[in-house]
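Asks:
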Amino acid sequence: MDWRIFHKEETDSTNNDAKAGVHGDVFTASFQTAGRGRLDHKWLSRRGDNLMMSAVLDVGGLDVAHAATLPLAVGLAVVNAVSRLLGPSADVKLKWTNDVYVSGRKISGILCERCGDNVIVGIGVNVRQKVFAEEISARAVSLALLGVDAAVDDVRDRVLGELARVYATWREGGFEAVYDAIAAVDWLKGREVRVVQTDSDRAGISGICAGIARNGAVIVGDEEIWAGEARVIAR
Ligand code: BTN
């Protein structure tokens with residue numbers, strides 16, 4: 000797949016820039032003034048230190064259930080890229096739907112937004128940042144903190160290489176074609192979790208996670224949950 004890369008030194012959010020894009024376009028920035036995460040969270044990233052990019056992928060013509068699993072496939076692509084950078088002994092996992100964790104700390108967040116026939120795939124990877132805001136510092140990690148000295152552009156190219164491969168497999172063979180690889184890196188399976196729909200969702204759905212279903216939902220207790228954010232209940 001031939002990606003076309005458009006870089007800005009500063010933007011509000013690369014996901015906003017990508018709204019003007021077509022399949023295969025990739026929008027990157029050294030700094031975002033209004034970086035977004037899921038559930039309307041902010042995505043804060045130091046200027047020039049980390050990968051912030053949004054790729055435009057076509058899901059036109061796919062049925063709704065197939066298209067809905069793209070975020071998991073994207074998560075797998077980032078897991079693969081981070082695993083290759085860190086080497087075989089690293090514990091790189093996918094937290095449904097698509098956060099990437101290394102030894103229990105978040106190294107990447109992904110925000111997928113539908114835009115007509117396209118999905119804007121926004122990917123943030125912590126590359127060179129070594130100090131994080133106090134409220135997330137215990138939960139965040141970067142390649143640099145894990146001893147890998149990588150250039151942001153190198154990480155971009157590796158993630159895009161994996162994304163092209165995984166997207167082609169997923170598009171051709173459906174979620175089934177990437178399911179086993181995703182199940183093998185599932186971080187939540189066997190853990191006690193609470194899945195919330197919003198930050199103010201006090202109740203959520205709690206229970207032991209039985210893993211990711213073959214349709215892309217997460218299974219908590221005997222419920223299949225399609226959307227939301229899973230939080231591990233620390234004991
Ligand atoms: C999350 O963890 O909740 C998702 C974070 C997604 C961050 C990336 S950085 C590039 C792209 N632009 C944004 O505003 N968000 C995504």
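Mapping the sequence shown onto numbering that gives the first Met the number 0, position 99 (from 1) lands on 98, and the numbers just tick up by one. In this text, a Cβ means the ideal position worked out from N, Cα and C, and glycines have one as well.
The alpha helix (DSSP H) spanning D153 covers which residue range?
Replies: Numbered from 1 along the sequence shown, position 154 holds the residue referred to as residue 153. Counting along the chain, the unbroken alpha helix (DSSP H) around D153 starts and ends at V151 to G172.
Asks: Does any heavy atom of the ligand BTN sit closer than 6 angstroms to the C-beta of G173?
Replies: As a position in the sequence shown, residue 173 is number 174, starting the count at 1. Outside the cutoff, so no.
Asks: On the DSSP bridge list, what partners appear for A139?
Replies: Walking along the sequence shown from the start, residue 139 turns up at place 140. Its beta-bridge partners are K105.
Asks: Restricting to Cα atoms, I'd like to know which of V118, A226 and G210 is closest to V219.
Replies: Taking the first residue of the sequence shown as position 1, residue 219 is located at position 220. When only C-alpha atoms are compared, the closest one is G210.
Asks: CB-CB under 7 angstroms to A163, same chain, minus the five flanking residues each way: which ones, in chain order?
Replies: What you label residue 163 is simply residue 164 of the sequence shown in a count that begins at 1. If we look at A163 and ignore the five residues flanking it on each side, its Cβ neighbours are M0.
Asks: Would the beta-carbon of M51 be found less than 6 angstroms away from any heavy atom of the ligand BTN?
Replies: Here the question's residue 51 lines up with position 52 in the sequence shown. Indeed, a heavy atom of the ligand BTN lies less than 6 angstroms from the Cβ.
Asks: How many Å lie between H40 and A167 at the Cα?
Replies: Along the sequence shown, one-based indexing puts residue 40 at 41. Along the sequence shown, one-based indexing puts residue 167 at 168. Each residue's Cα considered, the two are about 30 angstroms apart.
Asks: Spatial neighbours of I207 within its chain, please: CB distance less than 8 angstroms, with the 5 preceding and 5 following residues excluded, ordered by chain position.
Replies: Along the sequence shown, read from residue 1 onward, the residue named residue 207 stands at position 208. Within the same chain, I207 has close Cβ partners G189, R190, E191, V192, V219 and G220.
Asks: Using the rule of at least 16 other Cβ atoms within 10 Å of the residue's Cβ for burial, across every protein chain shown, is D198 buried or exposed?
Replies: To locate residue 198, count along the sequence shown from 1; it is residue 199. So D198 ends up on the exposed side.
Asks: Closest by CA to V55, which one among R113, V78, Y100 and D90?
Replies: The residue labelled residue 55 in the question sits at position 56 within the sequence shown. Answer by Cα proximity: R113.
Asks: Counting Cβ pairs closer than 8 angstroms, one from the segment 130-137 and one from the segment 68-82, do we hit at least three?
Replies: Output reads no: the segment 68-82 does not touch the segment 130-137.
Asks: Can you tell me which residues form a DSSP beta bridge with K7?
Replies: Looking up residue 7 in the sequence shown gives position 8. Paired residue(s): A28.
Asks: Cβ of D148 less than 7 angstroms from any chain D Cβ?
Replies: No chain D appears in this structure, which consists of one protein chain only.
Asks: Going by DSSP, name the residue or residues bridged to D90.
Replies: Counting from one through the sequence shown, the residue named residue 90 turns up at place 91. DSSP lists no partner for D90.
Asks: Quick one: what's got a C-beta closer than 6 angstroms to R157's C-beta in the same chain, skipping five residues either side?
Replies: Working through the sequence shown from its first residue, we reach residue 157 at position 158. Taken in chain order, the residues that qualify are A80.
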